[in-house]
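Below is one structure, written out as structure tokens; the observations come after it.
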Amino acid sequence: MQKIKAALCREYGAPLTIEEVMLRAPQMGEVEVTLEAVAICHSDISFWQGGFGGHLPAVYGHEAAGRVSALGEGVHGLSIGDPVCVTLIRACGHCDTCGGGHPTICETPYDSVGQSALSLEDGTPVMQAMASGAFAEKMVVDQSQVVAIPESVPMGAASLISCGVITGVGAAVYASGITAGQDVVVIGAGGVGLNAIQGARIAGARRIVAVDMLPEKLDAAKEFGATDVVSAEGKPWSEVKKILGRGADAVLVTVGVAQVYDMAPRYLARGGRIVMVGMPHGDKTASYSPLIMADSGQAIVGSKMGNVVIKRDIPWMVDLYGQGRLKLDELISGTWRLDQINEAIADTLTGSARRNVILFK
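Each residue of the sequence shown is one higher than the one before, starting from 106 at the first, in the numbering used here.
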């Protein structure tokens, strides 16, 4: 066991406290990563607010990058010192969904308390949220969650790949099923939304319409590849249909607001699909007209982490970044120290940040 500093949550909604916690050594199939960057995702904030349930005390954070600092038995393809992306996608590799090529929805349960590598000095277990616990100096995770990356990728940019980028790009490229020439609406032009816009561009969409409340976010959407932008005020679906000449083939909802899901079908063309990317709190619900959607041949599909396969897709996205075809550095709104994490969360909650990143060096 070793002592590390971590941002600990002891009460939902209360400021995180920087404390020393215990981190056990990696066991069979596990990897210890010394972190250099972790981005703040809205899922972390939802956990901190108590919207996703869980246990306390807890360490959140899951959008991370760093270097391998220890290896458990049976780890293959990684070496001490390797720069890596660390994701929350813990995949067993042998259940039906993993075997079917869908590791993001692995069916093997993970006990974020009982299997946690973290504890207090008195032995009290600390929840390793989302199988990660990256608001800390180090983390121990399953080898399935880790992908080696080139030395040339800055750690701040690399951390974004681990969640926001694969979630947004993957939602457009894989989950939406869009094909070249189809039209896409992306609701929400925050960090994930901007990546969904990039993904729609990469997939060959004809028109990519971004919808958001904030003018500065709509300006950013244009920078990242939106062909058109529409304010979310009033009845934005009417304006979208004027632009497209019909409804959209895919509507990607990247904000975790249930009321937005209520409105999403209004943007659709016949045969169109709603892609659920943003995650509202667990007590929130949305409603639809099954008759209208069934009669129009429309669909609602879930997208967890963009339906990606990280060993395949992270190297692909890193290569796109190296070619200048995928923006990463431009996603970073601000950088902070671990002891500034509460300020970084507050800044994220203003809604103006693309991604705030905690840097450890």
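Don't be surprised by glycine CBs; every beta carbon is placed ideally from N, CA and C.
| Asked | Found |
| --- | --- |
| Look at the Cβ atom of D288, then the Cβ atom of A236, and state whether they are nearer than 8 angstroms. | no |
| Measure the C-alpha to C-alpha separation of R312 and L349 and round it to an integer number of angstroms. | 7 angstroms |
| Tell me whether the segment 213–222 and the segment 255–264 touch, counting them as touching only if at least three CB pairs, one residue from each stretch, are closer than 8 angstroms. | no |
| Cβ of V65 within 8 angstroms of Cβ of M422? | Residue numbering for the chain in the displayed model covers 106 to 466; residue 65 lies beyond these limits and cannot be assessed. |
| Nearest CA to the CA of H207: which residue from C197, V138, P214, H147? | C197 |
| Pick out the complete beta strand (DSSP E) segments inside the segment 107–158, 3 residues or longer, and give them in chain order. | 107–113, 122–128, 135–144 |
| Which of helix, strand or coil does DSSP assign to V297? | helix |
| Compute the minimum distance between the beta carbon of S394 and the heavy atoms of the ligand NAD, and state whether it is under 7 angstroms. | As presented, the structure is devoid of all ligands, the ligand NAD included, so that no description of it is given. |
| Give me, in chain order, the residues of the same chain whose beta-carbon lies closer than 7 angstroms to that of R115; leave out the 5 immediate sequence neighbours on both sides. | T122, L161, P162 |
| Cα separation between M260 and G118? | 29 angstroms |
| Could you spell out the range, first to last residue, of the alpha helix (DSSP H) harbouring C203? | 201–204 |
| According to the Cβ coordinates, are A305 and I283 closer than 8 angstroms? | yes |
| Please check if any C-beta of chain D sits within less than 8 angstroms of the C-beta of I379. | Looking at the structure shown, chain D is missing, and only one protein chain is on hand. |
| Let's test the definition: count the other Cβ atoms within 10 Å of the Cβ of T527 and tell me whether it reaches 16, buried, or not, exposed. | Outside the shown range of the chain (106 to 466) lies residue 527, about which nothing can therefore be said. |
| Which residues in the same chain as G158 place their Cβ atom closer than 7 angstroms to its Cβ, once the five residues preceding and following it in sequence are excluded? | G387 |
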